[in-house]
Each structure stands twice: as structure tokens, then as C-alpha cells.
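Those protein sequences? They're chains A and B, same order as listed. For the first sequence, the numbering used here begins at 1 and goes up steadily by one. For the second sequence, the numbering used here begins at 1001 and goes up steadily by one. Glycine is no exception: its CB is placed at the ideal position from the N, C-alpha and C atoms. Keep in mind it's a predicted model, so treat the numbers as computed, not measured. Below: the structure, in C-alpha cells.
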Amino acid sequence: MPADDAITELIQAGRAEAAFERLVPAYRRRVFGLAYSVLRDRGAAEDVAQEVFVKLWQALPRYDGRAQLSTWIYAITRNTAISATRRQRRSISMSDPTVFEEVESRGAAPEAGLDDAALWRSVEALPDKQRQAVTLYYQEERTVEEVAGMMGLPVNTVKTHLHRARASLAAALKTAGWEVA
Amino acid sequence: MNDMDPRQKELEAQLRRLLGSFDASAGFDKRVMQRVATLATTGAPRADLRAQLERRRELVRWRLRREAWMNGITILGLGACAAALLWRFAPEIQQLAASAAWPVDRGLLAAGTLAAVGAAVWFLLKRMETTSR
């Protein structure tokens, strides 16, 4: 990734602050997306994303380039998100009401004849890993390889999760009256 | 993906539309930059982090040192016990060795003992060297 190279070069040149200024916009969506895929709560995901960037800012001068920048950032994000999940220990469903309301207000997509809210509910009902894979894959037109890197899983495992998720979504939507052949 | 069913394609497109725009709220970058700027001004977290790391490192060093001393004391204790037993039961051991079916080579016995002591001392010195780093 060219942005990663530029950021790494800045860090190695001892310009951690400048590197950080580039890193935040380059990784915001990925860090937030990954945090959200684990936490399923927009507010909590934003808090975790902030925490991750603060950690990165603190650790950036010590980054030695041995691991890929993205791998390093994803590992920090995953760990921070998992710690946050443990802290929360919510017994109720962690589906984010704010996102759900936002999606519901959009209503059905006229061109597709498919209800966004129904699709969102179906995504939310997927098993954790499948939901994570779907959220990350479709969030920013990512490749399966990138999603695998973000989730810390082998590429084939992510492919399986995506395949199963698509099948589950099609089945769920078929039940809801939307025909997927 | 190219030979995908039209309905599946529609589902893919819908998922992209639904999740594609998913992002942190507006002003997120600014808030992060403000937060780190505040931290940079106070300098507390970095100093805290350094101090925390140093404390942890010191704790590990102390544990390793204690472990090395305990190992050393244990080995010396066992050695002393073995020596005392040998001293105490020397005649019996001598008698046993004399009556044994196989001949005991004193030189071999001494070499074996020296090798065992040497190995123990080498192990101790190695541990001391690691912990003093």
C-alpha cells in the first residue's frame, strides 16, 4: 500500500508526528470498521477507534517496520476492541440502535425492491465471524486478502465465512419475501 | 463472481450500498488530533507508559534474579546433602562398592562427579549472566 510506505518512511526518518497525521485519515475507516465489526455499537466503536489512535501515537516512534504497518494496526485494533467487549460484558444484544434507526429511516431501496432494514437485521443476525467478514468486505470494497489481514484469519477461512454469510442472507431474505435464486 | 445470478448480484450491490458508506462520525480525525495534542502538551501518558514499562522490566529482572538465587541455593543445598551423606555413609558405600559384581573405577566416578558439578556451576553462571543483563 503506497500510503503505508510513505508513513513508514516518515517514521523511520524520525517524523512520527507527520506520519501520524497521514495515518489517521488513511486508517480511520478501517480501524472504525474493524472495531464496529467486533463491538456492534457505533459509540463504543468510535471510543475504541480513538483509543487505538492514541495507542498508535504513543507507540509510533517505536515502530521498527518489521511487521507490516497494517498488520500491526489491525492487531492493536482487534485487541483493544476485544478488551472493550470484555469490559462491557453486555448481556443484551449489542446491535447498535443508532445504526438500525438510520438504516430504517432509509427504508426500501426503490431500485432493488429490497428493504435496507430487513437486510441490516439479517446481517446482524449472522454468526459473529460471518457478520464481521461481511461488514469489513463490503465496507470499503476490500479484497478477501485484506479482510483476512484485518480479522487475523487465513484467506480461505474468510472466503468460507463470506460464502456462508451470502447463503444465509439469501435464505433469510427469501423467507422475508425477497427471492434470491 | 461474473457468472453470478442477477439476484445475488443485487444482494451484493445492496450490501455494498448499505455498508459501503459506513464510517466514523464527522470530525473524528479532528477529535483524535486534538486528543493527542492535549496528551503531547501534558506529556503524561508517554512518561507514564515509559515508567510503566520500566517498572515492568525491573519487576521481571528482580524475579529472574530471585529465581537464579533460589536455583543456586537449591543446587548448593542438594550438593551439601549429597556430600554429607557420602561422608556419613562412606564405609558402607565403600563396602557396597567392593562387594559389587562390577568393578567401580574411581577415576570414572571422580570424572563423573566433576562433570556434574561443572555442569551445575556452568548453569548457575549462565543464569546469573542472563539476569544481570
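Examine chain A for any beta-carbon lying closer than 7 Å to the beta-carbon of residue i, and answer yes or no.
i         : result
Phe1123/B : no
Arg1016/B : yes
Ala1037/B : no
Val1060/B : no
Ala1024/B : yes
Leu1019/B : yes
Val1117/B : no
Met1001/B : Any reading at Met1001/B must be qualified, since the residue scores a pLDDT of 48, below 50, and its modelled position is unreliable; the value itself is stated next. For Met1001/B, the answer is no, since every Cβ of chain A falls outside 7 Å of its Cβ.
Taking 7 Å as the CB-CB cut-off, is residue i touching chain B?
i        : result
Val147/A : no
Val24/A  : yes
Leu60/A  : no
Glu51/A  : no
Glu46/A  : yes
Asp116/A : yes
Arg28/A  : yes
Thr85/A  : no
Leu153/A : no
Trp57/A  : yes
Thr135/A : yes
Leu119/A : yes
Under the three-state reduction of DSSP, which class applies to residue i: helix, strand or coil?
i         : result
Asp1005/B : coil
Asp4/A    : helix
Thr175/A  : helix
Asp41/A   : coil
Ala13/A   : coil
Leu1059/B : helix
Ser122/A  : helix
Leu1053/B : helix
Arg66/A   : coil
Ser1025/B : coil
Leu153/A  : coil
Pro185/A  : Absent from the model: residue 185/A. The displayed extent of chain A is 1 to 181, so no value can be given.
Pro127/A  : coil
The alpha helix (DSSP H) spanning residue i covers which residue range?
i         : result
Thr143/A  : No alpha helix (DSSP H) contains Thr143/A, which DSSP labels as neither H nor E.
Ser1021/B : Element bounds for Ser1021/B: n/a, residue is neither H nor E.
Tyr187/A  : In this structure chain A extends from 1 to 181, so residue 187/A is not present and cannot be described.
Phe1028/B : Phe1028 to Thr1042
Leu1096/B : Ala1090 to Ser1099
What whole-angstrom Cβ distance do residue i and residue j have, given they're in contact under 8 Å?
i         : j         : result
Leu169/A  : Met150/A  : With a Cβ gap of about 20 Å, Leu169/A and Met150/A do not count as contacting.
Arg183/A  : Asp1023/B : The structure shown does not extend to residue 183/A, since chain A is modelled only from 1 to 181, so the question has no answer here.
Thr85/A   : Val38/A   : 6 Å
Tyr74/A   : Leu10/A   : The pair is not a contact, with the Cβ atoms about 20 Å apart (cut-off 8 Å).
Asp115/A  : Ser70/A   : Wrong, their Cβ atoms sit about 35 Å apart, outside the cutoff.
Leu1015/B : Trp120/A  : In fact, because the Cβ distance is near 10 Å, the residues do not count as touching under 8 Å.
Glu46/A   : Thr80/A   : Their Cβ separation, rounded to whole angstroms, is 12 Å, which puts Glu46/A and Thr80/A out of contact at 8 Å.
Gly1072/B : Leu1124/B : 5 Å
Val134/A  : Leu173/A  : Rounded, the Cβ-Cβ distance is 13 Å, inconsistent with contact.
Ile76/A   : Leu56/A   : 7 Å
Should residue i be flagged as near chain D, meaning a C-beta pair shorter than 7 Å?
i        : result
Tyr138/A : Here the protein chains are A and B, and chain D is not one of them.
Cβ of residue i within 6 Å of any heavy atom in the ligand MN?
i         : result
Arg1035/B : Within the structure as shown, the ligand MN is missing, as the structure has no ligands at all.
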